[in-house]
Structure formats: structure tokens, C-alpha cells
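Have a look at the structure below before the remarks.
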Amino acid sequence: MVAADPRRAIPSTDRLLALPEVQATKTRLAPHVIRRVITEAQNDARHGELAPDDVAPTIINRLSALSPTRLSSVLNATGVIIHTNLGRAPLSDAAREALMTAAGYVDLELDLRDGKRSKRGMWAKAALLSAVPDAEDALVVNNGAAALSLATTVLSVALDMPEMVISRGELVEIGAGFRLPDLMVSTGVELVEVGMTNRTNLDDYRNAITERTGAILKVHPSNYWIGGFNSAVEIKELAQLAHEHNLPLIVDVGSGLVDADDVLTDEPTMSAALRDGADVVIASGDKLLGGPQAGILLGKTEIIQRLAKHPLARAFRADKFTLAALEATLNSPSTPIHDALHADSKSLRERSERVAQELGAEVVAHDGRVGGGGGAGVPLPGWAISLPESYASALRTGSPAILPRVADGRCLVDLRCVPAEQDKILMVRLREVANEVAS
Ligand SMILES: *Cc1c(COP(=O)(O)O)cnc(C)c1O
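Going by the numbering used here, the residue at position 201 of the sequence shown is 207; the numbering climbs one at a time, nothing skipped.
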């Protein structure tokens, strides 16, 4: 007699779907998700990777571990404050609450007093103008790149004056493979590069202006800096030159700092750029501003209104979540980004020592970084718990996921960007990993 093929013992889809535990997940997961989990387990069994008897319990386990989104929250233990791979700025409690409110029906374009249509985004705009009184008007779009595309299109290309003068030192790649000049050229702009990589002077700009020039553009080279023999032209002088020629000066400050910050003394601010004469200032919402992803345009009413009326403004328009979270960020006292930037080295050390003691680990000096789009090269003195490198992958793949920094063969856990109330959770997880590694 031939032994029965064990694969014939794999439970059928109908039988698996009928299990009460599987039925119960129907309130949490869509039918296609449940079916996919079932099919995958059946396939595992067909390939001999799972015993037929284990199919049902495996499905029940896998379903209980699934949630409708695969994004996981991560404890940022890298010391890098604006971490692009971790979604840049974490939001303040106020902004998170605003997102929950915005998730339902909201008075986005409705005046509840008279029941008539109102202006979308008016509260975010009011918050911007209140935070940055130097701006006459404001417009919020999807992100900084959209803001820059809109400004270059409306102020230059659409007027048939496609030339835009920019310093060679400001032709930057701001993220992996994302080069700002490529973006601008894609809108139809002809970039007129002036000066040298390290030095550009006012005459370089002046000599490049023709009747085809639409605007002068100044871009903050957010992620690198030039030392040594270098000079750039200040916004004040550029504004004067632009206005002598009846041209607008567009300034992309990148990081969205509202006012001067004592930790980042060289970082441009939206307020100062406007005071110095910029006609339009562009910034991202989710860098140093500490809000949601957004492109912020501030400046003269006449120009901002022209930008707002262009058809592209509709394509770039911010959604209700962005508007709600941005307004809440601007109207509340602090953000996690600000707190991490100003974290006190002494209390960081105490927190680190407390965690390290539990593990018998050492605390070492470790500089934090601002990260994406600001404070390039500015070290933020702090501390890290130094652990064997092998901890890193266990921390990343565990629950909660923890991203440490790996450097010089060590796994460094920096608490700068970890909310203090999460220290306990982090410590428990570190202890678990220490046990796993030891066994
Ligand atoms: C980050 C940055 C941008 C792009 O902003 P996003 O919000 O990422 O689209 C543009 N210009 C500068 C100078 C930047 O630093």
C-alpha cells in the first residue's frame, strides 16, 4: 500500500475560513487579506515547510499579528532628529489630535455660522501669518518641491521669462537622487548659473540678468556647507538687485525655521528672509518647523495670490490633514523636533546612565545631528548607550522597533529623539535583546 500523500491532509480554504478564530478577524481585516494569509499557509504546507496540522494554528497566529497597516512605529535611537527614512518630523500631541479631528467630516470649506462656503486652508494660513508676521500672505501646498515648482512656473515660465539666476554654490541634491535643479528645469525654467561653487558675488548676478530673466533664486544648501575661502551674496543685496530690475527674489530656506534658534545660528529663517526683502519664501513643513509634510509659501500678497490662482496650485493643494496638523503645530508651544534640538546634555546623560546601568553597559559621548534639511555639520553634544553591534538587528526587527546607530562596530542607542516616557519600554526591550544575545 502506498502511504497517503501528507499534502492531502492540508485543510481546505472553506474549512479554514469557517474557523471561529478566523471568522472573528473579519471585523478587523478585509476578506482579501484573510484569504491571502490562508493561501500562504497552505502553500507553505504544500512545500513541506509547515505540517498539515500546523496550518490552522499558523493562520490564526499570523492573522492575530496583522493590522490593517504595515507601517510600524519606530523608536528613533539614532540621535538624528529629522530622519528622512523615519518620516522626518514626528508630530506634537496637538498636531496628532488635529489629525484625528480632520479624519472625520470637518468644516474645511464651510462657515458653520452662516452655513455658507468658506475658504479652504484659512486657519492654517492665519496661523502662519500669526507666527511669521513679516509675511503679508501665505499659501500651503503638498511639499517644498511643489512650492518651488509653483513659484518657478508662475513667476518665470508662465510670463515667458524662463531664465532664473542662481549661484553655482546652490545647485544642490537634497535627498538620494533628488536634485533641485532637475526639478526646476522640468518646469521649463532655464537656470542661469552664476559664480563659482565656493564664491559668488553681486556682479555675477547683475551680469546675468537679461530681458528673459523671470526671477532671482536663492536656495539654502540644506545638507552641506562650504568652509574656507568662500562667499555668498546676502538676501538683502540680492533683493535690492532684483527690485532694481523689477524682478522677484525667491528664497528657498528649506528647513522652515520660523525665528532664529540659538542652537542653529547659521540656519536661515523665514522671518529674516522676508525682512531682508525676499518676495517669496519657500520652506518645508516637516523639517525644523516640526509639522506635517507641506510646502509653505510666504510673501507679498500680490505674488502669493497669483500663485494661488494658477491651475497648478490645485494640483499641489494640501489636504485637510496637512492643513489641520500644520495649524496645530504653529499654534502650540513646542514640537518634538524643537525639544530634541534643545535636549539638555546633562539630563540626556542621566537618562542614558539609568538605562545603561540596568544592562551593565557603558555610556559614551555621542553627537546628535539635525539631519534632513538643516543644520548641516552642526554637532549636538550628547550621549549614547554603547552595545555590541549584534544588538542592532534584533532591536530593529523586534517590538517596538528601535533604530539605533551603528558605528565603529558598536550599536549606539542615543536617547535624544526618544520621548523620556518611553525609556522604560526601551529598557525592557534592551534587556530582552541582551538575554537573546547571551543565550
Ligand atoms: C528639503 C528641501 C526642499 C524640498 O522640500 P520637500 O518638502 O522635501 O519637498 C527644497 N529645497 C530645499 C532647500 C530643501 O532643503
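Note that beta-carbon positions come from the ideal geometry of N, C-alpha and C, so glycine has one too.
{"Asked": "From Leu-313, Thr-335 and Arg-312, residue whose alpha carbon lies closest to that of Leu-294", "Found": "Thr-335"}
{"Asked": "Buried/exposed call for Leu-165, threshold 16 Cβ in 10 Å", "Found": "exposed"}
{"Asked": "Any non-hydrogen atom of ligand 1 within 8 Å of Val-259 CB", "Found": "yes"}
{"Asked": "Option in Glu-442, Trp-231 and Leu-154 with minimal Cα separation from Leu-318", "Found": "Leu-154"}
{"Asked": "Terminal residues of the alpha helix (DSSP H) in which Gly-150 lies", "Found": "150–161"}
{"Asked": "For Cys-417, the residue or residues it bridges with in DSSP", "Found": "Leu-393 and Val-412"}
{"Asked": "Nearest neighbour of Phe-322, chosen from Ala-157, Val-286 and Asp-113 [CA to CA]", "Found": "Ala-157"}
{"Asked": "Within 9 Å, strictly: CB atoms of Ser-261 and Asn-149", "Found": "no"}
{"Asked": "Beta-carbon spacing of Asp-143, Ile-309 below 9 Å", "Found": "yes"}
{"Asked": "Range covered by the alpha helix (DSSP H) that runs through Ser-173", "Found": "Counting along the chain, Ser-173 falls outside any alpha helix (DSSP H), though it belongs to the beta strand (DSSP E) covering 169–173."}
{"Asked": "C-alpha distance - Leu-208 paired with Ser-228, whole-angstrom precision", "Found": "22 Å"}
{"Asked": "Closest residue to Trp-231 among Gly-383, Ala-108 and Ala-36 (Cα-Cα distance)", "Found": "Gly-383"}
{"Asked": "Terminal residues of the beta strand (DSSP E) in which Asp-143 lies", "Found": "143–147"}
{"Asked": "Neighbour flag for Ala-182 against chain D, beta carbons, 9 Å", "Found": "You won't find chain D in this structure, because it holds only one protein chain."}
{"Asked": "Outcome for His-226 when other beta-carbon atoms lying within 10 angstroms are tallied against a minimum of 16", "Found": "buried"}
{"Asked": "Three-pair Cβ contact test at 8 Å for the region 387–400 versus the region 344–352", "Found": "yes"}
{"Asked": "Under the three-state DSSP convention, the category Ser-237 falls into", "Found": "strand"}
{"Asked": "Coarse secondary structure for Asp-4, derived from DSSP in three states", "Found": "Only positions 7 to 445 of the chain appear in this structure, which leaves residue 4 out of reach."}
{"Asked": "Sheet register partners of Lys-122 (DSSP bridge)", "Found": "Asp-117"}
{"Asked": "Stretch pair the region 88–105 + the region 56–68: three plus CB contacts closer than 8 Å", "Found": "no"}
{"Asked": "Range covered by the beta strand (DSSP E) that runs through Val-198", "Found": "196–200"}
{"Asked": "Minimum C-alpha distance to Gln-428 - residue among Val-178, Ser-338, Gly-381 and Ser-405", "Found": "Ser-405"}
{"Asked": "Ala-101, buried or exposed, once every other Cβ within 10 Å from all chains shown has been counted against 16", "Found": "buried"}
{"Asked": "Beta carbon of Thr-219 nearer than 9 Å to that of Val-171", "Found": "yes"}
{"Asked": "Beta-carbon proximity of Leu-329 to Gly-127, cut-off 9 Å", "Found": "yes"}
{"Asked": "Entirely enclosed alpha helix (DSSP H) segments - the region 350–388, minimum 4 residues", "Found": "351–365"}
{"Asked": "Inter-residue Cα distance where the pair is Pro-37 and Leu-255", "Found": "55 Å"}
{"Asked": "Residues that DSSP places opposite Lys-430 in a beta bridge", "Found": "Answer is none; Lys-430 lacks a bridge partner."}
{"Asked": "Three-state secondary structure assigned by DSSP to Glu-27", "Found": "helix"}
{"Asked": "The region 399–414 contacting the region 73–93, beta-carbon criterion three pairs below 8 Å", "Found": "yes"}
{"Asked": "Neighbourhood of Ala-248 by C-beta distance below 6 Å, restricted to the same chain and skipping five residues each side", "Found": "Ile-222 and Leu-255"}
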